[in-house]
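The structure under discussion appears below in the form of structure tokens.
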Amino acid sequence: MKAVVITTTGGPEVLQLQEVEDPQINEDEVLIKVEATALNRADTIQRQGRYPPPKGASPYPGLECSGTIEAVGKNVSRWKIGDQVCALLSGGGYAEKVAVPAGQVLPVPLGVSLKDAASLPEVACTVWSTVFMMSRLSAGETFLVHGGSSGIGTFAIQIAKHQGVKVFVTAGSEEKLAVCKDLGADVCINYKTEDFVARVKEETGGKGVDVILDSVGAPYFQKNVDSLNIDGRLFLLGFMGGAVTQVNLGSLFAKRITVQAAGLRTRTLENKAEIVSEVEKNVWPAIVAGKVKPVVFKYLPLSEAAESHRLMETSQHIGKILLVA
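Numbering follows the UniProt record's numbering, with no gaps: position 316 of the sequence shown is 316.
Below you can see the structure in the form of structure tokens.
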């Protein structure tokens, strides 16, 4: 099969489509003939050598995919050859075939194309596990998501609105904010021209929001704390702006703030399967009902993986970028 290989650490040019051996499945896995995979920031960080795949994972990038099942392990009962599915991966999505534990596979939601289904597993599992399973965001609460026009952001807006939450977003252009508003965001803040802490306080009568989802990291940490309500929850998904900061611990104690951080890739197979099951139960019906839709910015062939990384690193995209096998 063909796969995108990270030939050495570096810029997008180190990504090359090469002929490699087909993956072998174990008794608890399925083999998927990949239709499409979606880019995630983690892919670009892996390419730079700063996010190596976990032990035993595919060396090729790609944390989600959609496609058709080609083979099933002897312990797999739910899936059969020919099923159209999407899946959460530990790696290997940038390829024509990928082996994946059966517990990380999802049916393609009714009304979503096989290709577009590749845009769903990572964002759905990330947002549902962090914002709802762990931070327990619930109807009537307030929620701020930074980077509202990103893949995570566009999904988080829709599922939070579906759950009866008031949604605040930040983004860096009026075009991006307009998309966020169309997706249902209640309060849209241009972080380049406006102080998001002041706006959040203004819109909440000085209280702050209940939950924040952030990938910026250090530059926003104290600002996020200042933007939270009493018993607020700050969930960190990354630190694109830096990892080291100073914080006033007194402000955390004063508000009884909970700070959590997590990713999906390093979780156990059992934990991932639990999250995938919860997503199918709680998120998939919203997608089938048309309340949550994939937001795809661009489709590129697998052979243009380098170009797709260049595009992602400009941060000009809105939603997901897909590579079609």
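Where a beta carbon is used, it is the ideal one built from N, C-alpha and C, also for glycine.
Query	Result
I275 - DSSP class collapsed to helix/strand/coil	helix
The segment 96-109 contacting the segment 30-42, beta-carbon criterion three pairs below 8 Å	yes
Contiguous beta strand (DSSP E) assignments of at least 3 residues, all confined to the segment 156-186	166-171
Proximity below 7 Å, CB of N224 to CB of I212	yes
Beta-carbon spacing of V296, G263 below 7 Å	no
Buried/exposed call for Q104, threshold 16 Cβ in 10 Å	buried
As assigned by DSSP and simplified to three states, the class of N248	coil
Same chain only: Cβ atoms within 6 Å of S135, ignoring 5 sequence neighbours per side	V211, R233 and F235
Per-residue burial, S149 [other beta carbons within 10 Å of its own, 16 or more giving buried]	buried
Cβ pair V108, C86 closer than 7 Å	yes
Reference M133; option with closest CA among K272, K74 and F168	K272
C-beta atoms of E174 and E122 nearer than 7 Å	no
Buried versus exposed, by CB contacts within 10 Å (16 or more), G151	buried
C-alpha distance - G140 paired with V324, whole-angstrom precision	39 Å
Limits of the beta strand (DSSP E) - the one that I69 falls within	E64 to V72
Which of helix, strand or coil DSSP assigns to residue 335	Because the chain is modelled from 1 through 325, residue 335 falls outside the range shown and cannot be assessed.
Buried versus exposed call for R256 [16 or more other C-beta atoms within 10 Å across all chains shown]	exposed
Supposed contact pair S227 and V197 - C-beta distance, whole angstroms, cut 8 Å	5 Å
Beta strand (DSSP E) segment containing F297, residue limits	V296 to P301
Nearest-angstrom Cα separation, counted from D83 out to I69	5 Å
Separation of G206 from V279, as counted between CA atoms	34 Å
Closer than 7 Å to chain B by CB, E174	Reference to chain B is not applicable here, since this structure consists of a single protein chain.
Start and end residues, beta strand (DSSP E) containing Q84	Q84 to L88
Separation of S129 from L88, as counted between CA atoms	13 Å
Cβ neighbours of G153 in the same chain (closer than 6 Å, five flanking residues each side left out)	V145 and G147
Own chain residues within Cβ distance below 7 Å of Y94, not counting five before or after	A3, V4, T37, Y60, P61, G62, L302, A305 and L323
Pair within 7 Å by beta-carbon distance, I159 and V167	no
Cβ-Cβ separation, T245 to A289 (assumed contact under 8 Å), whole Å	Incorrect: roughly 41 Å between the Cβ atoms, too far for contact.
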